[in-house]
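If you read the sequences in order, they're chains A and B.
Its first residue numbered 402, the first sequence is counted upward by one per residue in the working numbering.
Its first residue numbered 4, the second sequence is counted upward by one per residue in the working numbering.
Virtual Cβ for every residue (Gly too), placed ideally from N, Cα, C.
Below is one structure; the comments refer to it alone.
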Amino acid sequence: MELIHKNLPALIVVLPLCMGLLTAIVGRRGLGWWMAMATNSAVLAMAGQLLWNVMHNGAFEITYQMGSWPAPFGIVYIVDPLNAAVLLVVSIIACVLTLYARKSVASEIQKNRLHFFYALWLFCTTGLLGITITGDAFNLYVLLEISSLSTYTLVALGRSRNRRALTAAINYLVLGSIGANFYLLGIAYLYMVTGSLNIADIRHILETTVFPTWATDAPQYRTTVIVGFAFMAVGLSLKLALFPLHGWLPNAYTYAPSAVSGLLASTATKVGAYVFIRVIFTLVGVNFAFGVLHTETALMVSAGAAIIIGSWLALKQTNLKKMLAYSSIGQIGYITLGFSLNNVNGLTASIIHLFNHALTKGSMFMALGVVVYRLGNARLKDVRGLGRQLPVSMAVFTAGGLGLIGVPLTAGFISKWYLVTGAIQAHRYEMAAIVLFGSLLALMYVWRVVEQIYFGKRDENAPKLKEAPVTMLVPMVLLVAASIYFGIDARASSWVAQTAAELLLGVKA
Amino acid sequence: MTPEMTIALALGTPLVGSMLIAMAGRIPNLRETFTLLTALATFGLVASLYPLVIQGGQPELFLLEMVPGVPLSFKVEPLGMVYALVATLLWVPNSLYSIGYMRGNNEKHQTRFYFCFPLAIASAVGIAFSANIFTMFVFYETLTFSTFPLVTHKNNSDAVKSGRVYLGILLTTSVCFQLLAVLWIYALYQNGDVSGIDFVRGGIFKQGLASGLVAPTVFGLLFFLYIYGIGKAAIMPVHRWLPAAMVAPTPVSAFLHAVAVVKAGVFCVIKVTVYVFGAETLLQYNQGHWLIYVAGGTILIGSLIAMFQDNLKRRLAYSTISQLSYIVLGTALLTPISIMAATLHIIAHAFGKITLFFAAGSVYTAAHKTQVSQLDGIGRRMPWTMGAFTVGTLSMIGVPVVVGFVSKWFLISGVIQRWELPGGHFDEVFVLVVILFSTLLNAGYFLPIVYRAFFKPLSDDDLKHPHGEAPWPMVTALTFTAGLTLFFFYWNKPALELAELVRRAVG
């Protein structure tokens, strides 16, 4: 046990990686699902333990040296409240979606390929967890590619239902690779300046030897650092689908298998947002990103546009998965806005929304997955009058929708509470207004569907639908119950988020 | 039983009741028994707090902290007591009335109807007893969502459309204005510019304004945001949801849209004016002046529109809009007596208006009539119903012998008290003119109905379709509320004592 405890930060990445390889080899005849389920449950337990450990050790940090090579020579994994929280989000979602995937994926993918699906599923989780935990900028790129490559394939697997999944996957692949390579290019520029790939070490060198010269007559590497950061910012914006670089997202979410849509919506963009926060607050520092470059202005404009335009486009969709995809673009706007405010409440809002939105959106995609499972499609007219035939899934969809709107007693309200307070404290009243207006747009696009579900009339000769199997219902009910629980008693989630925010801003005593 | 426990039970009983109602869905008689028992128990619990409050006690209940520093907590003070008592007391006759109405009209989905009602009541009690602006906002929103299924009960396209207006206006105002104001005040509180987010005597802005931490313009802006954020008070131009909500079954209109929901609105207006902004502070910094004119305008325009409505429920809805603004007007005058008048009018209007709606629903159930022009001679066939309607009418006009007179009396006293303040008297003259004209208008749109019902002969068509009174539960309910309307003119001690406490809290 002692050995496991000491090596938790490494195990949480290595275990799903090895199990993924194993699943591809021996995971036939349904064994693949069992292996994925067992792995993700173990990962969830480890993530929970890591968060507990980091919140209860005085320094709020756990450093793990790979092969005992000290930084900056070896790769280190660093756990702090921020990435421990993200690790937990990723592993919760991965775990419940694996349970959900059993029936859902079996209906969407040929039987003899199922073990490959679960292998990719585990690689994707590996990548996301690794990106989150690593303290090394280049290692981060490698893991980013692991998760991205497996995601492209997972999206493409939606082809048996709709061949447009293939174009969506190609589109995603091209744009995703550009994003990843921009990030890599940015790292290369910073490596030119600092000669280091360790995040903390790069920051240390920048702070001690590079930034001080900028106040003098002979600023060193000023352009190089700015260009490097710009490449990283654009690359990451692509990865997290920040407006206007969101083009790949709607189709990828829409045509992927239901379980994959849920995983992508709840984790992939969240991890992207995490990396962005890490780059700004830990790698280059706010004094550079916001003080010298005023990145926050650009971010706020993008975020504001994402909230308004994303929500507006969501209102226009008749394919409900696509509606949720556009809604996600808006929600990414909220997350981005939060950290661009550069105060504790705003950053807390970003971090807590990573968690709250993952719960909400995950459950909504799963609820729509039931409609897809029964009907093969989820358009607005398909859900007409389904409130009586699929009572549980449609109730989950509605409760999730209330969370998207930010109705009190749902988790979405807590995020909005922090976000608007942060905006007002930063004297960004227009942003506060945009956030609140965004809630109204969310009300419109959610209510349009809710009206169809409960007031619409089903066609006379439409087939009568059965509620989803238990393995699909349990995960979505769990997530939506959590989103309500964390809307009523948000002490735990806001404690972690606020601690992380205070540490990032350096105001934690 | 400790007062804390009573508060918790008053909030919890309706929730438990709605669960029991849902479980008893297949046995209508049992389900209705649960409804009545829940209503009685909730009223009993709220009423049992009355002696303590009248002695100056303010029992508190801390439920939980939603986020650090922002508790969901409750505190019973006289004003909240008035609203909670009115809402839970009138729920009892309304439950009885609902039984008659829902069965008499063979409405569908009755279980859902009875299930949602207690949820709305729990929200109303939550609003009444809330100890801070955050708790109030939370329950304000749950009230909106729990009443939505009731408004759209009929499930047809009309109901869906009206439901959209209902949610649209109530949520737009509460999210864009009220939530913004709440969070703005919270942000000020975190910066240390205001003294807290709890409701306190004299408001929370005094020190901040005195020391210059809060600019008077921000103070005034927040007041504006807050007042318009309370869409449930139906101040023009955000009143449209109220006529739209009339698509609901009549017990919903009677109780929710004449008592619980709209009174939640005006209650919140009084509460934040007195306990967040502070009447004295508003006067001192000369903010919120506009509200007198907006409320005065709403009273007159509402009455004028009511005059031209032939649909009885719509006429009552516009009358409600106009009457609610009496309460807002009393608040906007910012003197202790006028705020006392506003408090009393919550009670007076509730008793009168629920009676009027009960009568309208009873006419619909017995005679299937919805328009004023169809009511010729109906008073002879439905003497109890139209008798009660007449009592309600007199209360709306504000003539002596009914409770409506009491609140109007105090409102005029409030104007006189304000006369003593320095400065011009234009406001006071305006208010007096509004009161005079609106009394005439009220008489103008209510008395013709009474005249038609009792003095015009039945039409030939009506003579061919005989009908009697509505089912007995409905007649009992409306007689009871008409009785309250009369009774409270003579025995208004409990109401006056509470209102007196509110007056003292103002200044």
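CA nearest to the CA of residue i, picked from the options
i: A/Met633; options: A/Gly587, A/Arg604, A/Ile678; result: A/Gly587
i: A/Ile479; options: A/Ser548, A/Thr440, A/Ile463; result: A/Ile463
i: B/Tyr143; options: B/Gln210, B/Ser214, B/Lys235, B/Tyr189; result: B/Lys235
i: A/Thr568; options: A/Val628, A/Pro651, A/Thr610; result: A/Pro651
i: B/Pro474; options: B/Leu499, B/Ile273, B/Thr368, B/Val437; result: B/Thr368
i: A/Thr624; options: A/Gly786, A/Val611, A/Gly636; result: A/Val611
i: B/Ala345; options: B/Gln58, B/Leu82, B/Glu68; result: B/Leu82
i: B/Leu286; options: B/Gly205, B/Ala391, B/Met22; result: B/Gly205
i: B/Gly333; options: B/Ala502, B/Val404, B/Ala27; result: B/Ala502
i: B/Tyr493; options: B/Gly407, B/Gly447, B/Pro451, B/Gly59; result: B/Gly407
i: B/Val509; options: B/Tyr189, B/Met343, B/Gly171; result: B/Met343
i: A/Leu841; options: A/Pro792, A/Gly804, A/Trp615, A/Phe856; result: A/Gly804
i: A/Thr552; options: A/Asn563, A/His457, A/Cys525, A/Leu576; result: A/Cys525
i: A/Tyr819; options: B/Leu186, B/Leu39, B/Thr176; result: B/Leu186
i: A/Thr749; options: A/Val491, A/Met436, A/Leu904, A/Tyr542; result: A/Leu904
i: A/Leu874; options: A/Met767, A/Ile600, A/Arg780; result: A/Met767
i: B/Phe132; options: B/Arg384, B/Asn109, B/Glu7; result: B/Glu7
i: B/Asp201; options: B/Ala162, B/Asn109, B/Val73, B/Leu182; result: B/Val73
Simplified DSSP assignment, three categories, for residue i
i: B/Arg383; result: helix
i: B/Ser198; result: coil
i: B/Phe490; result: helix
i: B/Ile10; result: helix
i: A/Asp537; result: strand
i: A/Ile510; result: coil
i: B/Lys411; result: helix
i: A/Asn563; result: coil
i: B/Pro469; result: coil
i: A/Val847; result: helix
i: B/Phe77; result: strand
i: A/Leu643; result: coil
i: A/Met402; result: coil
i: B/Met69; result: strand
i: B/Ser462; result: coil
i: A/His457; result: helix
i: B/Gln290; result: coil
i: A/Gln621; result: coil
i: B/Ala251; result: coil
Proximal residues to residue i (C-beta, below 7 Å), its chain only, five neighbours per side dropped
i: B/Val89; result: Val262, Lys266, Ile349, Ile350, Ala353
i: A/Gly839; result: Ile708, Ile709, Ser712, Gly731
i: A/Asp602; result: Ala472, Pro473
i: B/Leu174; result: Thr147
i: B/Val331; result: Ala236, Ile238, Val269, Val272, Leu294, Ala298
i: B/Arg318; result: Ala309, Gln312, Val375, Tyr448
i: A/Leu585; result: Tyr542
Residue i - partner residues in DSSP beta bridges
i: B/Gln374; result: B/Asn314
i: A/Tyr465; result: A/Tyr478
i: A/Asn599; result: A/Asp537
i: B/Leu64; result: B/Phe77
Close-in-space but distant-in-sequence residues of the same chain around residue i (CB under 6 Å, 5 per side omitted)
i: B/Thr338; result: Gly417, Gln420, Arg421
i: B/Met389; result: Gly382, Ala456
i: B/Arg275; result: Before going on, a small fix: residue 275 of chain B reads as Val here, not Arg. Here the set comprises Tyr229.
i: A/Leu700; result: Thr737, Ser741
i: A/Leu555; result: Leu521, Val661
i: A/Leu452; result: Ala485, Leu489
i: A/Leu664; result: Leu498
Interface residues of chain D facing residue i [CB-CB closer than 7 Å]
i: B/Asn158; result: No chain D appears in the structure shown, which is made up of the protein chains A and B.
Heavy atom of the ligand NAD within 7 Å of residue i beta-carbon
i: B/Cys119; result: Inclusion of the ligand NAD in the displayed structure is not the case, the ligand content being empty and no account of it being possible.
Contact set for residue i: own chain, Cβ-Cβ below 8 Å, skip 5 residues either direction
i: A/Gly577; result: Ser549, Thr552, Tyr553, Leu639, Lys640, Trp649
Those runs of the alpha helix (DSSP H) which lie wholly inside the region 671-749 of chain A and span at least 4 residues: If we require 4 residues or more, the alpha helix (DSSP H) runs fully inside the region 671-749 of chain A come out as 696-706, 712-717, 721-741.
Every unbroken alpha helix (DSSP H) within the region 95-157 of chain B, with a cutoff of 4 residues, ordered by chain: 113-132, 136-154
Contiguous beta strand (DSSP E) assignments of at least 3 residues, all confined to the region 775-814 of chain A: Qualifying beta strand (DSSP E) stretches: none in this window.
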